[in-house]
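J.:
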Amino acid sequence: MVQSLVSGVLTGSLYAMIGVGLTVVFGVMRIINLAHGELVMLGMYGAFWGLTLWKLDPFVSILLWTPLMFLVGMLVYRFLLQAIIPGGELNTLLYTAGLSLLIANLALFVWTGDYRTIKLPYAMLPMRPFGIAVPIPLAIAFGLAILITGALYFFLTRTDLGRAIRATSQNPEAAALMGVAVDRISMITFGLGSALAGAAGVLLAPSLYLYPTVGEILISKCFVIVVLGGLGSVSGAIAGGVLLGLVESLGAVYVSVAYKDTIGFVIFLLVLLFRPSGLLGVAKS
Amino acid sequence: MRRAVAAGTIGVVLAIPFLTTNQFLVHLGITVLMWTVLGTAWNLLGGYAGQVSFGHATFFGVGAYTMMILYLKLGLAPWYGMVLGGIVGALVSLPIGLICFRLRGPYFSLATLAVAEIVRLVALNWEALTSGPVGLLITTLPQVSVGSRSVNWESKVPFYYLVAILAVGAMLATYGFSRSRLGAYLLAIREDEDTAESIGIDTVRAKVTTLAFSAFLAGVAGGFYGMYFRYVDPDAVFPIALSVEMVFIAVVGGLATVAGPIIGAIFLVTVSELFRERFLVGHLIFYGLCMMLAIRYLPEGIWGGIRRAFTTYVAAKRS
Chain A
296 MVQSLVSGVL
306 TGSLYAMIGV
316 GLTVVFGVMR
326 IINLAHGELV
336 MLGMYGAFWG
346 LTLWKLDPFV
356 SILLWTPLMF
366 LVGMLVYRFL
376 LQAIIPGGEL
386 NTLLYTAGLS
396 LLIANLALFV
406 WTGDYRTIKL
416 PYAMLPMRPF
426 GIAVPIPLAI
436 AFGLAILITG
446 ALYFFLTRTD
456 LGRAIRATSQ
466 NPEAAALMGV
476 AVDRISMITF
486 GLGSALAGAA
496 GVLLAPSLYL
506 YPTVGEILIS
516 KCFVIVVLGG
526 LGSVSGAIAG
536 GVLLGLVESL
546 GAVYVSVAYK
556 DTIGFVIFLL
566 VLLFRPSGLL
576 GVAKS
Chain B
4 MRRAVAAGTI
14 GVVLAIPFLT
24 TNQFLVHLGI
34 TVLMWTVLGT
44 AWNLLGGYAG
54 QVSFGHATFF
64 GVGAYTMMIL
74 YLKLGLAPWY
84 GMVLGGIVGA
94 LVSLPIGLIC
104 FRLRGPYFSL
114 ATLAVAEIVR
124 LVALNWEALT
134 SGPVGLLITT
144 LPQVSVGSRS
154 VNWESKVPFY
164 YLVAILAVGA
174 MLATYGFSRS
184 RLGAYLLAIR
194 EDEDTAESIG
204 IDTVRAKVTT
214 LAFSAFLAGV
224 AGGFYGMYFR
234 YVDPDAVFPI
244 ALSVEMVFIA
254 VVGGLATVAG
264 PIIGAIFLVT
274 VSELFRERFL
284 VGHLIFYGLC
294 MMLAIRYLPE
304 GIWGGIRRAF
314 TTYVAAKRS
């Protein structure tokens, strides 16, 4: 019981990080970014190649990949997405579906569909505080995820740029009238979302199998999370991520391993139908 | 003029097996026509009604499994199984529609995605019925005669004609559909759902009916898939990628047009199959690329673009 709670929270923190990236992008641009999972996948491969080619520990190379993904995200927004946004939500949804398929298949083409793993020398060391088995890479990833998500939260609530992002999220027209450069904010936000996805990918890499279409599974989990928390809400996404992690690990023990992923989707549908603003939706407004 | 083009297209489609004995080309033709049926099925709901489903693989997979299970467990001939696959697909779509149509726009899309994943996981784990990840395999198809000649199932040609009939039927049905009262309702719903409702259109009923029809076509295509490949497993018939491919074929070809899906299928399937022959993996690169280009530069799709160019040309000539 405690064991599944712990592993649920650990994985949940990483889910939360991916979800936060998706939700800030949705909040500011009303884009449901179907390619978000592929950005996570790129982060995972970044960690893999960093280790294989340059012997860089993933928890070091995250310092390289996060800013790089930030840049990639900004470029993607500027050159690919910006022109599509006026076309409406369904157009951007289809467009990012195309982008997602493009990235995943390019990765498949370049890196083949082989399953890869990252083996860290310290991954096998036992760490059993209070008799609970905690995989070390996952524990480090958990710590970093909290640090990064906390830093983001601080950034969004305490800095001018963060306030501008939240203002745009609440009402783009009003924000523009108050002198916020909405286009610039959108670009930065998309970069931020991509950086979060990439960083989460690097952190996840030692604990998951890597293959080019892994994004497909991650993105569907991600939707569950952000819908649980209410699309556009950062604290909702964090809560949703941890909740999904818990549901999966407890579901695997008490319901069935085979159907653990199904539980998440069923909850997702129920929330979409009965609480479309998310579980925390009312508390927020 | 339109009729002549349509008749000409049907003529060319039916003549292809006479023009070539190249098995790869016939196989390519079969694949293109199967995707035409799927694109057409999706287009009814996604194009005419503007409801973007990311879960149509569900109906395809249900159709394929229905046909396989009925044949393996009850000995029902695959061609009946194929039609029943469509019917079961339509039945499955009813509860799905009633649930998902409570949501609009992108939320509807996400809900269909979730439903499709649930169905895939069930198919993967309900081993008593589906054999799980192992999949179902049929070795021989039963004998059947057309006229006095028995059909040679080892050749690809009978499959070609079968799927050609399905594709032409689906396109004719779309044509009839687009000119029906229901078709008009759907356009109203696509343009403005609230207004449609306020002038007395039962929007949920119109959408659920359309989804059932669309699911029927996808289910029949699934039955055909099972019959042609003689093997189904959850990863082959239920993946998200399959749902997405249907969407892309319809959008790239031309949303809400009769000919769009076949144009999209000819273009995308041919390019990606040639790519697959050469490089084995990554053949969906073009799907992604074409989708992005289409949305950016040609939102009415290839066929829509051709049609617009033609009208401009005619108008220019007249003036």
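The listed protein sequences correspond, in order, to chains A and B.
Quick note on numbering: the first sequence equals residues 296 to 580 in our numbering.
Quick note on numbering: the second sequence equals residues 4 to 322 in our numbering.
By construction, the Cβ of each residue, glycine as well, lies at the ideal position given by its N, Cα and C atoms.
1) What residue range is occupied by the uninterrupted alpha helix (DSSP H) comprising Trp129/B?
2) Please confirm whether Leu337/A and Ile413/A have their CB atoms less than 9 Å apart.
3) In three-state DSSP terms, what is Arg105/B?
4) Which bits of chain A does Asn3/B rub up against, with CB to CB less than 7 Å?
5) Going by DSSP, what residues sit across from Tyr504/A in a beta bridge?
6) Considering only residues of the region 42-84 of chain B, which uninterrupted alpha helix (DSSP H) runs meet the minimum length of 4 residues and lie entirely inside it, listed in chain order?
7) Tell me, to the nearest whole angstrom, how far the beta carbon of Ala224/B is from that of Asn46/B; I am working on the premise that it is less than 8 Å.
8) If the cut-off is 8 Å on Cβ atoms, which residues from the region 384-404 of chain A count as contacting chain B, listed in chain order?
9) Are the CB atoms of Leu214/B and Ile121/B nearer to each other than 9 Å?
10) How would you label Ala578/A, buried or exposed, when you count the other beta carbons within 10 angstroms and need 16 or more for buried?
11) So what's Gly14/B in DSSP terms, helix, strand or just coil?
12) Output yes if chain A places a C-beta closer than 9 Å to the C-beta of Met174/B; else output no.
13) Is the Cβ of Val373/B closer than 9 Å to any Cβ of chain A?
14) In or out: Tyr549/A buried (at least 16 other Cβ within 10 Å) or exposed?
15) Please classify Gly179/B: is it buried, with 16 or more other beta-carbons within 10 angstroms of its beta-carbon, or exposed?
16) May I ask you to list, following chain order, the residues of the region 106-131 of chain B that have a beta carbon less than 8 Å from some beta carbon of chain A?
17) If contact means a Cβ-Cβ distance below 9 Å, which residues of the region 295-313 of chain B contact chain A?
18) Assuming contact is defined by CB atoms lying nearer than 9 Å, are Leu79/B and Val207/B in contact in what I supplied?
19) What's the C-alpha gap between Lys320/B and Tyr68/B?
20) Kindly confirm or deny that the region 50-61 of chain B and the region 254-269 of chain B touch, where touching means at least three C-beta pairs closer than 8 Å.
21) Give the interface partners of Ile252/B over in chain A, defined as CB-CB distance under 8 Å, in chain order.
22) Please confirm whether Leu567/A has its beta-carbon closer than 9 Å to some beta-carbon of chain B.
23) Using a Cβ-Cβ distance cut-off of 9 Å, determine whether Leu375/A contacts chain B.
24) Counting only Cβ pairs nearer than 9 Å, list the residues of chain B close to Leu564/A.
25) For Val149/B, name the three-state secondary structure that DSSP assigns.
26) Determine the burial state of Arg184/B: buried for a count of at least 16 other Cβ atoms within 10 Å of its Cβ, exposed for fewer.
27) Exposed or buried, which one is Met339/A when buried takes at least 16 other CB atoms within 10 Å?
28) Closer than 9 Å by beta-carbon distance: list the chain A residues that pair up with Leu47/B, in chain order.
29) Taking buried to mean at least 16 other C-beta atoms within 10 Å of its own C-beta, is Met588/A buried or exposed?
30) Jot down the residue ranges of each uninterrupted alpha helix (DSSP H) in the region 476-538 of chain A, minimum 4 residues, whole runs only, in chain order.
31) Strictly under 9 Å for the Cβ-Cβ distance: is Phe282/B near chain A by that measure?
32) So which of Arg311/B, Trp156/B, Ile19/B has the shortest CA-CA distance to Leu31/B?
33) Could you say which of Ile309/B, Arg193/B, Asp236/B lies nearest to Gly267/B if we only look at CA atoms?
34) Taking just the CA atoms, how far does Leu220/B sit from Leu87/B?
35) Give a yes or no on whether the minimum CB-CB distance between His286/B and chain A is below 9 Å.
36) Taking a cut of 9 Å between CB atoms, which residues from the region 521-553 of chain A lie near chain B?
T.: On the basis of the supplied data:
1) That residue, Trp129/B, is in no alpha helix (DSSP H); it is neither H nor E in DSSP.
2) 9 Å or more divides the Cβ of Leu337/A from the Cβ of Ile413/A.
3) Assignment of Arg105/B by DSSP, reduced to helix, strand and coil, places it in the coil class.
4) With chain B covering only 4 through 322, there is no way to say anything about residue 3/B.
5) Answer is none; Tyr504/A lacks a bridge partner.
6) Whole alpha helix (DSSP H) segments, 4+ residues: 60-77.
7) Incorrect: roughly 13 Å between the Cβ atoms, too far for contact.
8) So the list reads Glu384, Leu385, Asn386, Leu388, Leu389, Tyr390, Ala392, Gly393, Leu394, Ser395, Leu396, Leu397, Ile398, Ala399, Asn400, Leu401, Leu403, Phe404, given in the order they occur along the chain.
9) Not a contact, by the Cβ cut-off of 9 Å.
10) Because the pLDDT of Ala578/A is 39, which lies under 50, any placement of that residue in the model is unreliable, and the number read from its coordinates should be weighed accordingly. Classification for Ala578/A: exposed.
11) If DSSP states are grouped into helix, strand and coil, Gly14/B belongs with the helices.
12) Cβ-Cβ to chain A under 9 Å: no for Met174/B.
13) Limits of chain B in this structure are 4 at one end and 322 at the other, which puts residue 373/B out of reach.
14) Result: exposed.
15) It is exposed - the Cβ of Gly179/B has fewer than 16 other Cβ atoms within 10 Å.
16) Within the region 106-131 of chain B, the residues whose Cβ lies closer than 8 Å to some Cβ of chain A are Leu106, Gly108, Pro109, Tyr110, Ser112, Leu113, Ala114, Leu116, Ala117, Val118, Glu120, Ile121, Leu124, Val125, Leu127, Asn128, listed in chain order.
17) Answer set for the region 295-313 of chain B: Met295, Leu296, Ala297, Ile298, Arg299, Pro302.
18) No, the pair does not count as a contact, with Cβ atoms beyond the cut-off.
19) Approximately 54 Å between the Cα atoms of the pair.
20) Three or more beta-carbon pairs drawn from the region 50-61 of chain B and the region 254-269 of chain B are found closer than 8 Å, and the two stretches are therefore classed as touching.
21) Contact note: Ile252/B does not reach chain A at a C-beta cutoff of 8 Å; the least C-beta distance is about 12 Å.
22) Using a Cβ-Cβ cut-off of 9 Å, Leu567/A counts as an interface residue toward chain B, since at least one Cβ of chain B sits closer than that to its own.
23) Chain B contact via Cβ: present.
24) Within chain B, the residues near Leu564/A are Ile102, Cys103, Ala114, Ala117, Val118, Ile121.
25) In the structure shown, Val149/B sits in a strand (DSSP, three-state: E or B).
26) Answer is exposed; the Cβ neighbour count stays below 16.
27) Around the beta carbon of Met339/A, a 10 Å sphere encloses 16 or more other beta carbons of the protein chains shown; the residue is thus reported as buried.
28) None at all; the shortest Cβ gap to chain A is about 16 Å.
29) Nothing in the structure corresponds to residue 588/A, since chain A is present only between 296 and 580.
30) Segments of the alpha helix (DSSP H) lying fully in the region 476-538 of chain A: 477-499, 509-524.
31) Yes, Phe282/B counts as interfacial toward chain A.
32) When only C-alpha atoms are compared, the closest one is Ile19/B.
33) Taking only the C-alpha atoms, the option nearest Gly267/B is Ile309/B.
34) If I take the Cα positions, the gap works out to 11 Å.
35) At least one chain A Cβ lies under 9 Å of His286/B.
36) Taken in chain order, the members of the region 521-553 of chain A whose beta-carbon sits within less than 9 Å of a beta-carbon on chain B are Val522, Leu526, Ser551, Ala553.
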